[in-house]
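So the sequences go chain by chain: F and Z.
Each residue of the first sequence is one higher than the one before, counting from 1 in this note's numbering.
Each residue of the second sequence is one higher than the one before, counting from 1 in this note's numbering.
Note that the Cβ used here is the ideal one computed from N, Cα and C, for glycine as well.
This report refers to the structure that appears directly beneath it.
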Amino acid sequence: MSLLAVVLGGPLVLGGLFAVTLVPWCLVRPPLARLRLLLVLIGTTVVGTMISQGFFYGFEPRTEILTVLPGLSLCREGVVYGVIVSLRLLSVLAAGALVVFTTHSSDLILALGKLRVPNSFAFMLTLALRFLPETIEQGKRILAAQQLRGAGGRGLLSVFRRFRLLVVPLLAVSLRSARQVALAAEVRAYSSNRVPSRDLRFATADWTVLAGLILLTTLGLTAAAFGHGAAAAAGIQ
Amino acid sequence: MMLLWLYVGSVLGLLAAIGGVVVAGVRRRAFQPFTTLELATAALLICLLHVAVVPWQIGLAKVPGLDALVFSIPYTAIVLLGLRLVPKPGTATLLICGQGLFGQLLGRGINPAWWPYYLWCALAVEILLLAVGSHLRTLAAMLAAGVIRGLLAYSYMYLILAPFLWQQFYAPWYVGLKIVMGMIGCGIGTVLAWRLAPAIEKATRQSSL
Numbered sequence: 001m002s003l004l005a006v007v008l009g010g011p012l013v014l015g016g017l018f019a020v021t022l023v024p025w026c027l028v029r030p031p032l033a034r035l036r037l038l039l040v041l042i043g044t045t046v047v048g049t050m051i052s053q054g055f056f057y058g059f060e061p062r063t064e065i066l067t068v069l070p071g072l073s074l075c076r077e078g079v080v081y082g083v084i085v086s087l088r089l090l091s092v093l094a095a096g097a098l099v100v101f102t103t104h105s106s107d108l109i110l111a112l113g114k115l116r117v118p119n120s121f122a123f124m125l126t127l128a129l130r131f132l133p134e135t136i137e138q139g140k141r142i143l144a145a146q147q148l149r150g151a152g153g154r155g156l157l158s159v160f161r162r163f164r165l166l167v168v169p170l171l172a173v174s175l176r177s178a179r180q181v182a183l184a185a186e187v188r189a190y191s192s193n194r195v196p197s198r199d200l201r202f203a204t205a206d207w208t209v210l211a212g213l214i215l216l217t218t219l220g221l222t223a224a225a226f227g228h229g230a231a232a233a234a235g236i237q
Numbered sequence: 001m002m003l004l005w006l007y008v009g010s011v012l013g014l015l016a017a018i019g020g021v022v023v024a025g026v027r028r029r030a031f032q033p034f035t036t037l038e039l040a041t042a043a044l045l046i047c048l049l050h051v052a053v054v055p056w057q058i059g060l061a062k063v064p065g066l067d068a069l070v071f072s073i074p075y076t077a078i079v080l081l082g083l084r085l086v087p088k089p090g091t092a093t094l095l096i097c098g099q100g101l102f103g104q105l106l107g108r109g110i111n112p113a114w115w116p117y118y119l120w121c122a123l124a125v126e127i128l129l130l131a132v133g134s135h136l137r138t139l140a141a142m143l144a145a146g147v148i149r150g151l152l153a154y155s156y157m158y159l160i161l162a163p164f165l166w167q168q169f170y171a172p173w174y175v176g177l178k179i180v181m182g183m184i185g186c187g188i189g190t191v192l193a194w195r196l197a198p199a200i201e202k203a204t205r206q207s208s209l
């Protein structure tokens with residue numbers, strides 16, 4: 001999907017690509033909370049990219065539709081290009097997020113092993129996954145305790161002051177937890193030369209998805225070769 | 001087509017730079033294996049990096065121009081604190097590449113096209129650490145590490161990766177502004193890390209089971 005997002009261009013073709021990535025999302029029926037998060041991400045990505053491309057579009061022609069400051073104006077071509085870039089971003093994001101949503105984290109880490117990522121690295125990522133909920137919970141607890149003691153406030157400076165106040169106790173508490181986990185791993189004779197207890201194998205569904213993706217990629221590359229490529233759509237040589 | 005060659009060139013350059021760093025590290029006998037505790041500490045820092053960075057992906061980081069500044073402050077602070085806590089060659093690679101992969105595992109999906117970006121950012125810090133050999137004990141060394149990472153991260157992102165992966169092009173002055181803002185953010189993050197490091201190192205020394 002990343003390859004197609006790179007080689008294809010034009011709002012219709014990229015819109016089609018994004019629509020294709022949404023089909024499996026409909027099939028897996030994500031919970032409402034995750035769907036809401038995905039929609040927020042989609043919304044902020046589209047709006048943010050449209051605004052940034054609209055104001056800071058680097059090509060000609062530029063049809064100005066709103067002037068904010070002298071030399072800083074929103075241009076139509078930039079906004080349209082922002083939509084195209086957003087569709088490209090969202091196609092990759094939706095496809096990647098689908099893999100993460102439908103695959104257990106331990107399987108993803110096993111897949112990293114297949115991609116020749118070192119074992120110690122995979123071990124570290126497994127630990128990071130284990131630490132994540134605990135760290136968020138500890139962070140919330142420390143923030144709540146600090147707010148009870150009057151360390152609140154609004155604005156950007158306050159955010160950074162709170163970050164400074166949060167980091168020291170959070171790291172101190174979490175480092176203790178890390179020490180315990182490391183000790184437990186060593187007691188269980190952990191070494192980075194371990195062999196996984198199970199192997200990832202392709203099931204029928206995986207072969208079907210792979211065949212579908214190969215077909216889609218072939219179609220996409222053919223479309224790119226026949227004038228729907230990214231460079232042709234952007235007018236870039 | 002030029003963008004593809006630029007990207008491929010960056011990957012080849014990366015491989016050459018990794019080769020150079022490995023040779024230099026082996027000659028200086030700088031490489032030591034990581035202990036389980038160091039791996040666990042790095043895992044924890046990756047987790048903290050993820051927690052510190054995710055909230056900015058929806059809020060202020062969407063304001064054009066401000067994003068690079070806002071994003072890089074907590075990121076740089078935690079990476080540099082990590083380098084102070086685990087002062088070994090390879091820690092920057094563990095943290096920066098680890099956080100990138102962790103983000104991919106949790107949200108965007110595994111995408112090897114991004115790996116050169118993480119590796120370039122990490123390698124810039126590794127090269128500096130090999131060169132100064134001080135393990136960031138001075139503010140100048142920390143500032144150099146923070147700002148070099150920022151310069152490389154934002155230049156690579158806006159000049160090579162974003163144009164190649166998303167065909168995302170901006171006016172050159174805006175790209176320059178983003179790079180400068182990113183470097184300023186990295187500088188602020190470095191000062192934050194410098195001020196926090198003694199307290200955290202003290203807490204680490206005193207922490208016991």
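* Asked: Given a threshold of 16 other Cβ atoms within 10 Å of its Cβ, counted over all protein chains shown, does Ser-120 of chain F qualify as buried or as exposed?
  -> buried
* Return no unless some Cβ of chain F is closer than 8 Å to the Cβ of Trp-120 of chain Z. => no
* Using the rule of at least 16 other Cβ atoms within 10 Å of the residue's Cβ for burial, across every protein chain shown, is Glu-38 of chain Z buried or exposed? -> buried
* With distances taken between CB atoms, is the gap from Thr-36 of chain Z to Ala-182 of chain F smaller than 8 Å? -> yes
* Asked: CA-CA distance, Leu-115 of chain F and Tyr-117 of chain Z?
  -> 17 Å
* To do: Tell whether a beta-carbon distance below 8 Å holds between Ser-86 of chain F and Val-46 of chain F.
  => yes
* To do: Answer yes or no: does any C-beta atom of chain Z fall closer than 8 Å to that of Ala-224 of chain F?
  => no
* Endpoints, beta strand (DSSP E) assigned at Ser-72 of chain Z -> From DSSP, Ser-72 of chain Z is part of no beta strand (DSSP E) but of the alpha helix (DSSP H) over 66 to 85.
* To do: Can you say whether Lys-178 of chain Z is buried or exposed, counting buried as having 16 or more other CB atoms within 10 angstroms of its CB?
  => buried
* Asked: In three-state DSSP terms, what is Glu-60 of chain F?
  -> coil
* chain F partners of Ala-171 of chain Z, CB-CB under 8 Å? -> Phe-56, Tyr-57, Gly-58
* **When F:Phe-131, F:Arg-201, F:Trp-207 are compared against Ser-177 of chain F, the one with the closest alpha-carbon** => F:Phe-131
* What is the C-beta distance between Gly-109 of chain Z and Gly-150 of chain Z, in whole angstroms, given that I count them as a contact (C-beta under 8 Å)? -> Contact flag wrong, Cβ pair sits at about 26 Å.
* To do: Ignore the nearest five residues each way along the sequence and tell me which others in Leu-45 of chain Z's own chain have a CB closer than 7 Å to its CB.
  => Ile-78, Gly-82, Leu-95
* **Listed by chain order, chain F residues near His-135 of chain Z by CB distance under 7 Å** => By Cβ distance, chain F contributes nothing, its closest Cβ being about 18 Å from His-135 of chain Z, past 7 Å.
* Inspect the beta-carbon positions of Leu-8 of chain F and Ala-224 of chain F and report whether they are closer than 8 Å. => yes
* State buried or exposed for Ile-160 of chain Z, treating a residue as buried only when at least 16 other CB atoms are found within 10 Å of its CB. => buried
* What do you get for Phe-18 of chain F, buried or exposed, if any count of 16 or more other CB atoms within 10 angstroms of its CB means buried? -> buried
* Asked: Which chain F residues sit within Cβ distance under 7 Å of Val-51 of chain Z?
  -> Thr-135, Ile-136, Gly-139
* When the cut-off is 8 Å and only beta carbons count, does Phe-71 of chain Z lie next to chain F? -> no
* Below-8 Å beta-carbon distance, Leu-123 of chain Z vs any chain F residue -> no
* What's the gap between the Cα of Ala-153 of chain Z and the Cα of Trp-173 of chain Z? -> 17 Å
* What is the C-beta distance between Val-175 of chain Z and Tyr-158 of chain Z, in whole angstroms, given that I count them as a contact (C-beta under 8 Å)? -> 5 Å
* **Distance between Lys-140 of chain F and Arg-161 of chain F (C-alpha atoms, nearest Å)** => 16 Å
* Give the secondary structure of Ile-65 of chain F by DSSP, where H, G and I count as helix, E and B as strand, and everything else as coil. => strand
* Asked: Which residues mark the beginning and the end of the beta strand (DSSP E) in which Leu-72 of chain F is found?
  -> 72 to 75
* **Proximity below 8 Å, CB of Pro-169 of chain F to CB of Phe-101 of chain F** => no
* Can you name, in chain order, every residue of its own chain whose Cβ lies under 7 Å from the Cβ of Gly-235 of chain F, other than the five neighbours on each side? -> Here Gly-235 of chain F scores only 45 on pLDDT, less than 50, and its place in the model is too uncertain to base an answer on.
* To do: Kindly indicate if chain F contains any beta-carbon less than 8 Å away from that of Phe-34 of chain Z.
  => yes
* Asked: Of the residues that make up the stretch 105 to 122 of chain F, which ones have a beta carbon closer than 8 Å to any beta carbon in chain Z?
  -> Ser-105, Leu-108, Ile-109, Ala-111, Leu-112, Leu-115, Val-117, Ser-120, Phe-121
* Nearest CA to the CA of Val-70 of chain Z: which residue from Z:Val-86, Z:Val-53, Z:Gly-107? -> Z:Val-53
* **Test: Leu-44 of chain Z CB closer than 8 Å to a CB of chain F** => yes
* Asked: Arg-164 of chain F versus chain Z: which residues are under 9 Å apart at the beta carbon?
  -> Ala-77, Leu-192, Arg-195, Leu-196
* To do: Determine the DSSP secondary structure at Leu-115 of chain F, reduced to helix, strand or coil.
  => coil
* **Pro-11 of chain F vs Ile-84 of chain F beta-carbon contact at 8 Å** => yes
* Asked: Is the beta carbon of Thr-21 of chain F less than 8 Å from the beta carbon of Ala-128 of chain F?
  -> no
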